[in-house]
Amino acid sequence: MSSTPINEHPLIVGIDLGTTNSLVAWCDESGPRILEDENGGNLPSVVRYDEQGNVAAIGKPARDHAVEFPTTTLFSVKRLMGRGIADVQNELNYLPYAVVAGEHNTARVQVTENKVVSPQEVSAIILRELKAKAEKALGKTVEKAVVTVPAYFDDAQRQATRDAGRIAGLDVVRIVNEPTAAALAYGLGVGEAEPDPGKQAMLDELEQDGTSDTAKNEPKPLAQLNEAGTVSLNTKFNTEACTTPGSGSGADPNVTGELDHDAFGSNSTVAVFDLGGGTFDVSILNLQQTEQGIVDQVVATSGDTHLGGDDVDRMIVELIQKEIAVQLDQEIDFPPSTRQAFRSFAEATKIRLSNSEYAQLEIDLGEGRTYQRSITKDELEEMMTPWVDRAIACCKEALKKADMTPDLIDRVIMVGGSTRIPLVRKKVGELFGTVPYTALNPDEVVALGAAVQGSILAGINRDMLLLDVIPLSLGIETLGGAVAKLIMSNTTIPAKATEQFTTHAEGQTNVKIHILQGERELVKDCRSLGEFDLTGIPPMPAGLPKIEVTFLVDANGVLNVSAVEKRSEKAARVQIIPNHGLTREEVDRMETESMTHAREDMTAHQLIDLRNQARLDMRAIERQINKVGDELDDAYRQEIAEKVAIVQKFVDTENPDANAFHVALDAMDKATIRLAELAIKQTLSEEQ
Ligand code: ADP
Ligand code: MG
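Quick note: the sequence shown uses the numbering used here, first residue 18, plus one each step.
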């Protein structure tokens, strides 16, 4: 990223001091980003001491050997922060290290015979590590930070967090609730555009099934020659495709109007679902924009301090151990290093099954024996169902506490690594009747939001966040590297557009939906926002599948892209924040470039269309000749061959003249009218 540090503003980073993992982020005009060093951004919140009571390992190296050093590897100290020994009795079963009473009966950890540490000291070690990471990434000293805590933390727990900062040499300028930080990362409550209720209802409906029946544009399939390996889509650019809901035009001032939504007083109710490694909490927040900034009111919280991704890892470990015992026909007392390996292995398997249908398990049992099995996503989902249901029950409880029904929640935000699990997303979506926000990485969103709060305190102005129009056009890649734009720049939000596409290869069963931003005509000149695959389409002739792609940009500027193959109902989707990481200068640059390159871009797009059309026509001609070629006289056959050869030459030439290409294509099409008629006649007579 090329943003210049802004020296006149104080440097305030945002820190997610997590139970399992911690991160540091920073936000400038282009938006928040995670700060990384050579070990990446994520820092496991784990510290190991040696026998002398000195720090031996921090972060990943400490976590990777936790099982081997159970009494000196301190993890989950967040559970002890600011708590009395009496408060944490029910934690003790979960913590293999010795928790003892310190001064004023506070919870401390006895790491060696002579060494007792406070949770604040351990957290300070993590914070110091994050501070160093940030300084390395930014190349300057970091002294101020916004640090997040769970919404349910009491004053003592918050104070302990501040103290940890102080020990680490960090001035904690603000403590922010984790769910509020998540909302800030999405720009919620910050001068949000408010559509009128009718339009909102329409959008909500659209969001729920991800599709709409309002696509009035017939797909214009251009069946293509099968280009081996390519799975991109194929369409003709449709200028009518872009609509703002309810307005029928891209520039209806009534949707939001210029500064129409008053920046002060916008009010939204948000549910934040945070499922991490070992803890789960759900918060219902009311966010209100005031002159002082965002005011968050925690309406209700619920949760389970012992529910998280670790449980799933444990289920998989138990399954493996049980099956190995059966295979070897004996109970085995596995040594710590093996149990550690099982744990890491189980987590990797779980993560893999978030993205694929099955995973292969293979463990070397020594003496030439191996344990082997494959596990499917369905199998894991069955194992996880009661676990997810516990979290869902907490959500219902929070709603009850807040005296609310799910439909009163405007947005649901997913936080925590375990919300990457598709089953979790599905169940949360079902409960709240909406597609939860997942556009930002759920394990990073809290740190990103803390950084946003830091930038607000530092006085950094992020006008990109406040846009109520779409600054650059949004579209998808089509065959040949062209971009079909679905939503044009300067459309007011919220906005939606639907267009139909089709395949270009015979029997094509998957398509890649590549989402792009920019004003240029070719993929290579636009900004890539992300991509996903729509798979499982039943094999059909090229051009037959009806793939409906819907773009929906909601009032917060979050883009939902969904693709549905209408004949098979196969669907896939992705969520993206198009303005993430985009600066005003970049928008201006892309606009200027599109103007200076307008002519060549148009020609390039035209050539792609001509090539696609030529390939389609030539393929049809080939089919027709195979069918009725015998009936043609030699002179006519010769004529067709010549016309096809000319077109083929244009197809093969790198930069042909578009007009000449067009003329040649026309000539070929005209010359083959008789051939086409003969072929149709033949087909009709065959059918009788
Ligand atoms: P915490 O808030 O407790 O510090 P995180 O938000 O970092 O924790 O979440 C960590 C948990 O997320 C771990 O259990 C990890 O295995 C899980 N996790 C991370 N990525 C995935 C994934 N792709 N699929 C399933 N679980 C994941
Ligand atoms: Mg967390």
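Every residue, glycine too, gets a C-beta built ideally from N, C-alpha and C.
Item                                                                                                                                   : Value
Residues near residue 321 in its chain [Cβ-Cβ closer than 7 angstroms; skip 5 each side]                                               : 297, 407 and 411
Residue 705 - DSSP class collapsed to helix/strand/coil                                                                                : coil
Residue 177 versus residue 99: straight-line alpha-carbon distance, rounded                                                            : 5 angstroms
8 angstroms Cβ cutoff, residue 630 in contact with chain D                                                                             : Absent from the structure: chain D. Only one protein chain is present.
6 angstroms CB neighbourhood of residue 291 in its chain, flanking five on each side removed                                           : 298, 432 and 433
Cutoff 7 angstroms; reference residue 70; Cβ partners in own chain excluding five residues on either side                              : 128, 129, 131 and 132
Residues that residue 511 bridges to, as DSSP identifies them                                                                          : In the DSSP output, where bridge partners are listed per residue, residue 511 has none listed.
Environment of residue 238 [buried if 16+ CB atoms lie within 10 Å]                                                                    : With a pLDDT of only 33 at residue 238, under the threshold of 50, the placement of this residue in the model should not be trusted; the figure read from the coordinates follows. Label assigned to residue 238: buried.
Contact set, ligand 1 heavy atom to C-beta under 5 angstroms                                                                           : 35, 36, 37, 38, 293, 294, 326, 364, 368, 371, 433, 434, 435, 437, 438 and 460
Bridge partners - residue 569, DSSP secondary structure assignment                                                                     : 513 and 577
Backbone secondary structure at residue 39 - three-state DSSP                                                                          : strand
Spatially closest choice to residue 330 from 534, 368, 156 and 62, by CA coordinates                                                   : 368
Inside the segment 439-511 only - beta strand (DSSP E) runs reaching at least 3 residues                                               : 491-495 and 499-504
CB-CB length for residue 454 against residue 575, believed under 8 angstroms                                                           : 6 angstroms
One or two residues paired with residue 16 in a DSSP bridge                                                                            : Because the chain is modelled from 18 through 705, residue 16 falls outside the range shown and cannot be assessed.
The segment 388-396 / the segment 116-124 touching (three or more Cβ pairs under 8 angstroms)                                          : no
Proximity below 8 angstroms, CB of residue 614 to CB of residue 537                                                                    : yes
Element boundaries [beta strand (DSSP E), containing residue 66]                                                                       : 63-66
Spatial distance of residue 155 from residue 52 (CA atoms)                                                                             : 8 angstroms
Cut-off 6 angstroms between Cβ atoms - residues of its own chain near residue 63, not counting five sequence neighbours on either side : 79, 80 and 92
Option nearest residue 288 by Cα separation, candidates 301, 181 and 294                                                               : 301
Touching by the beta-carbon criterion (3+ pairs, under 8 angstroms), the segment 486-493 and the segment 591-609                       : yes
Cross-strand partners of residue 320 (DSSP beta bridge)                                                                                : 298
Neighbour-count burial assignment, residue 342, 16 or more Cβ in a 10 Å radius                                                         : exposed
Whether residue 457 touches residue 311 by CB criterion (8 angstroms)                                                                  : no
The segment 575-591 touching the segment 28-37, judged by at least three CB pairs closer than 8 angstroms                              : no
Proximal residues to residue 628 (C-beta, below 7 angstroms), its chain only, five neighbours per side dropped                         : 497 and 668
Minimum C-alpha distance to residue 610 - residue among 642, 650, 542 and 643                                                          : 542
Residue 291 Cβ short of 7 angstroms to ligand 2 heavy atom set                                                                         : yes
8 angstroms CB neighbourhood of residue 379 in its chain, flanking five on each side removed                                           : 387, 388 and 389
Minimum length 4: unbroken alpha helix (DSSP H) runs contained in the segment 84-156                                                   : 136-155
Residue 413 versus residue 402: straight-line alpha-carbon distance, rounded                                                           : 16 angstroms
For residue 673, three-class secondary structure by DSSP                                                                               : coil
Nonlocal neighbours in the same chain, by C-beta distance under 7 angstroms from residue 224, ignoring five residues either side       : Because the pLDDT of residue 224 is 49, which lies under 50, any placement of that residue in the model is unreliable, and the question is left without a value.
For residue 420, the three-state DSSP class (helix, strand or coil)                                                                    : coil
CB contact flag (residue 517, residue 564, <8 angstroms)                                                                               : yes
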